[in-house]
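In this text, residue positions in the sequence shown follow this note's numbering: the first is 257, and each later residue adds one.
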Amino acid sequence: NIGRVEDDRRLTVSENLPALNDPRAEDPSAGNFSSYTFTFDHVYSEDSDQQSVYNNTARDAVLSSLSGYNASIIAYGQTGTGKTYTMEG
């Protein structure tokens, strides 16, 4: 496991995630590894259900398109992780 969902907007990726998760480490960022935290509009964990993904991501775009506006939803991620399934239901 190289990633940790910090909250519903931030994701931390690290070469040494166990060190970041260890409360005994004085300064886990001082090790010989890289860690990065990214901020998104929303971050979903593997436990997220389709309804929460729709409500947080697609609902406004769908309702706008039904009102005559153009809308796009782009799913990005590793091959085989369920992007197409999530988009098509």
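Note that beta-carbon positions come from the ideal geometry of N, C-alpha and C, so glycine has one too.
### Query
What does V309 pair with, by DSSP beta-bridge criteria?
Answer is none; V309 lacks a bridge partner.
### Message
What would DSSP say about V299, mapped onto helix, strand or coil?
### Response
DSSP places V299 in the coil class of the three-state scheme, outside both helix and strand.
#### Entry: Counterpart residues of S291 in DSSP-defined beta bridges
S270
### Query
Is there a Cβ from chain C that is less than 8 Å from the Cβ of Y292?
Note that chain C does not occur in the displayed structure, where there is just one protein chain.
### Q306 and T340 closer than 8 Å at C-beta
no
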